[in-house]
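Enquirer: I'd like to ask you about the structure that follows.
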DNA sequence: AAGTGATTTAATCATTTGTTTAATATTCCC
DNA sequence: GGGAATATTAAACAAATGATTAAATCACTT
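Protein chains in written order, with my numbering: chain A, 1 to 195; chain B, 196 to 390.
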């Protein structure tokens, strides 16, 4: 495999540190050290810490949305399959990137202006398709609840992981099994909710 | 009403700013300005920024847990009533403190050591009571799922509020109605899930 | 091999930031 | 009312931090 370019090394280090600690707590010198590069290269390639952060956030947000939007908005995919696919996609994605949802949701909450910029011209959700499919099946649950319920059931365990594990509700070493078991259950649960 | 003491003014300002922006992004000078006090008083009363932060986190965590733990762990409260009370408590609490859950969950994620200190000797969840009550009613849902589902359904909309509103899924001005409507639905949903 | 542009480095700058100090003001108690 | 404890202030300090500079090195073309 190719060795990473300087630019890639910086992005990887920044991605890791920003995700773990957030924007303000991550220092440019830490990123440089983690990447194994000279501090000045960070500004040489990305201009500023903020600009680098924007790049990381964009990529992370894309990862988070891509597991959901294309599936939700595809009218050819039936509702049942949408639920199953989203549960599967997120369980896999978030097991590999546990800090992803809390990072994005927290930065979005703390730094709304940044996301106005990033999400401009980006259709985040396509409600009409879902609305139609719910109607077809005679389901009265409203569209927003439908989506929020799925996301809540699948994402919340990751968002609240420290609370869940440190309370003993789920042991740290059993967490992966816990969410994998939920993956299958969520499809049933959502169907029961909508019945 | 009594005028606030200096100590109280600092706590209120710190509480507001830490909740909104997190530890690292909040500067001591901002806190002092927001509180309308001299910068040195912060250290005079609280010793350090970190110590002040710990106080704020403790109080916020207490708020978040108190809406749940006493109810969950009370064997005299039947399961149905537990669900309804927790949904009601959190909807009210979080409408009044929208940043509360994302603040606590993010800081917990970012700064685990701090919470080891704070939650030491604090029984966060009491599973045996719930486990017994689920068994009595012949519900096969496991205890962790039961609790995570309730919390996810009730807390997730607040955690993901920026995403939900800026995507147009729920309009900002309709958000309060949205979660109030969910409050009643959640009881039904949880019962359906467990049926 | 020389020249050219891109990349990397060490050093430095200007601010910001958490904290402390020493002096002044205020409150409390006898 | 005076003196001791408490509270408040302005100023300063040292370290940290994001960014920049100018020189050095590297890669590539001719």
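Every residue, glycine too, gets a C-beta built ideally from N, C-alpha and C. On a predicted model such as this, the values are computed, not experimentally measured, just so you know.
Quick check on residue 365/B: buried or exposed, where buried means 16 or more other Cβ atoms within 10 Å of its Cβ?
Expert: Per the 10 Å Cβ criterion, buried.
Enquirer: Using the three-state DSSP reduction, which class does residue 320/B fall into: helix, strand or coil?
Expert: Reduced to three states, the DSSP call for residue 320/B is coil.
Enquirer: So residue 360/B and residue 353/B are supposed to be a Cβ contact under 8 Å. How far apart are they, rounded?
Expert: Not quite, the Cβ-Cβ distance comes to about 11 Å (not below 8 Å), so this is no contact.
Enquirer: Mind checking whether residue 300/B and residue 160/A have CB atoms under 8 Å apart?
Expert: Contact flag set, yes.
Enquirer: Indicate the three-state DSSP secondary structure (helix, strand or coil) for residue 162/A in the structure shown.
Expert: Looking at residue 162/A - three-state DSSP - the assignment turns out to be helix.
Enquirer: Mind listing which residues of the stretch 343-360 of chain B have their C-beta closer than 8 Å to chain A's C-betas, in chain order?
Expert: Going along the stretch 343-360 of chain B in chain order, one finds 343, 344, 346, 347, 348, 350, 351, 352, 354, 355, 356, 357, 358, 359 with a Cβ nearer than 8 Å to chain A.
Enquirer: Can you tell which of 110/A, 31/A, 80/A has the C-alpha that lies nearest to the C-alpha of residue 219/B?
Expert: Cα-wise, what sits closest to residue 219/B is 110/A.
Enquirer: Comparing C-alpha positions only, which one of 156/A, 193/A, 149/A, 99/A sits nearest to residue 16/A?
Expert: Here the closest residue by C-alpha is 99/A.
Enquirer: Please report the distance separating the alpha-carbon of residue 257/B from that of residue 3/A.
Expert: Between residue 257/B and residue 3/A, the C-alpha separation is close to 49 Å.
Enquirer: Please list the partners that residue 212/B has in chain A, where partner means a Cβ-to-Cβ separation under 8 Å.
Expert: Within chain A, no residue comes near residue 212/B; the closest Cβ sits about 11 Å away, beyond 8 Å.
Enquirer: If you draw a straight line from the C-alpha of residue 89/A to the C-alpha of residue 146/A, how long is it?
Expert: Residue 89/A and residue 146/A: Cα-Cα distance of roughly 17 Å.
Enquirer: Compute the Euclidean distance between the alpha carbons of residue 312/B and residue 131/A, then round it to the nearest angstrom.
Expert: Going by the C-alpha atoms only, they are around 47 Å apart.
Enquirer: Which residues of the stretch 19-51 of chain A have a Cβ closer than 8 Å to any Cβ of chain B? Give them in chain order.
Expert: Flagged, chain order: 20, 21, 22, 23, 24, 25.
Enquirer: Is the beta carbon of residue 345/B closer than 8 Å to that of residue 189/A?
Expert: In this structure, residue 345/B does not lie closer than 8 Å to residue 189/A by Cβ.
Enquirer: Could you check whether the Cβ of residue 167/A sits closer than 8 Å to any Cβ belonging to chain B?
Expert: So yes, residue 167/A belongs to the interface.
Enquirer: Should residue 268/B be flagged as near chain A, meaning a C-beta pair shorter than 8 Å?
Expert: Not an interface residue.
Enquirer: Could you list the residues in the stretch 312-337 of chain B with a C-beta less than 8 Å from some C-beta on chain A, going in chain order?
Expert: Per Cβ criterion, the list reads 314, 319, 320, 322.
Enquirer: How would you list, in chain order, the residues of chain A whose beta-carbon sits under 9 Å from the beta-carbon of residue 208/B?
Expert: Within 9 Å Cβ-Cβ: nothing; residue 208/B doesn't reach chain A, min ~17 Å.
Enquirer: Beta-carbon of residue 300/B versus every beta-carbon of chain A: anything under 8 Å?
Expert: Residue 300/B counts as touching chain A.
Enquirer: Cutting at 6 Å between CB atoms, please list the residues of its own chain near residue 7/A, excluding the five before and the five after it.
Expert: Excluding residues within five positions, the ones whose Cβ falls inside 6 Å are 45.
Enquirer: Could you tell me the alpha carbon to alpha carbon distance between residue 177/A and residue 213/B, rounded to whole angstroms?
Expert: Each residue's Cα considered, the two are about 34 Å apart.
Enquirer: Does the CB of residue 377/B have a neighbour CB from chain A at under 8 Å?
Expert: Answer yes: the Cβ-Cβ gap between residue 377/B and chain A drops below 8 Å somewhere.
Enquirer: Hey, would you say residue 154/A sits closer than 8 Å to residue 69/A, going by beta carbons?
Expert: Cβ atoms of residue 154/A and residue 69/A: not closer than 8 Å.
Enquirer: For my contact list, residue 391/B and residue 343/B are in at a C-beta cut-off of 8 Å; report their separation, rounded to the angstrom.
Expert: Residue 391/B lies beyond the stretch modelled for chain B, which goes from 196 to 390, so this question has no answer here.
Enquirer: Just to confirm the assignment: which complete alpha helix (DSSP H) runs, minimum length 4, are found wholly within the stretch 229-271 of chain B?
Expert: Segments of the alpha helix (DSSP H) lying fully in the stretch 229-271 of chain B: 234-241, 244-261, 264-267.
Enquirer: Just to confirm, is the Cβ distance from residue 307/B to residue 101/A under 8 Å?
Expert: Their beta carbons are not under 8 Å apart, which means residue 307/B does not touch residue 101/A by this criterion.
Enquirer: What distance in whole Å lies between the Cβ atoms of residue 252/B and residue 209/B, which are believed to be in contact at a cut-off of 8 Å?
Expert: About 10 Å; that fails the 8 Å criterion.
Enquirer: Would a C-beta distance cut-off of 8 Å place residue 37/A and residue 71/A closer than the cut-off?
Expert: Not closer than 8 Å, so no.
Enquirer: For residue 387/B, decide whether its Cβ has a neighbour in chain A, counting only Cβ atoms nearer than 8 Å.
Expert: For residue 387/B, the answer is yes, since a Cβ of chain A falls inside 8 Å of its Cβ.
Enquirer: Considering just the uninterrupted stretch of the alpha helix (DSSP H) at residue 101/A, what are its terminal residues?
Expert: Note, residue 101/A: alpha helix (DSSP H), 100-110.
Enquirer: Quick check on residue 200/B: buried or exposed, where buried means 16 or more other Cβ atoms within 10 Å of its Cβ?
Expert: That one is exposed.
Enquirer: Do you know whose CA, among 185/A, 180/A, 76/A, 191/A, lies nearest residue 96/A's CA?
Expert: Out of 185/A, 180/A, 76/A, 191/A, 180/A has the C-alpha closest to the C-alpha of residue 96/A.
Enquirer: Count the other C-beta atoms from every protein chain shown that fall within 10 angstroms of the C-beta of residue 137/A, then say buried if there are 16 or more, exposed otherwise.
Expert: So residue 137/A ends up on the exposed side.
Enquirer: For residue 226/B, name the three-state secondary structure that DSSP assigns.
Expert: Helix at residue 226/B.
Enquirer: Give the secondary structure of residue 26/A by DSSP, where H, G and I count as helix, E and B as strand, and everything else as coil.
Expert: Note: residue 26/A maps to coil in three-state DSSP.
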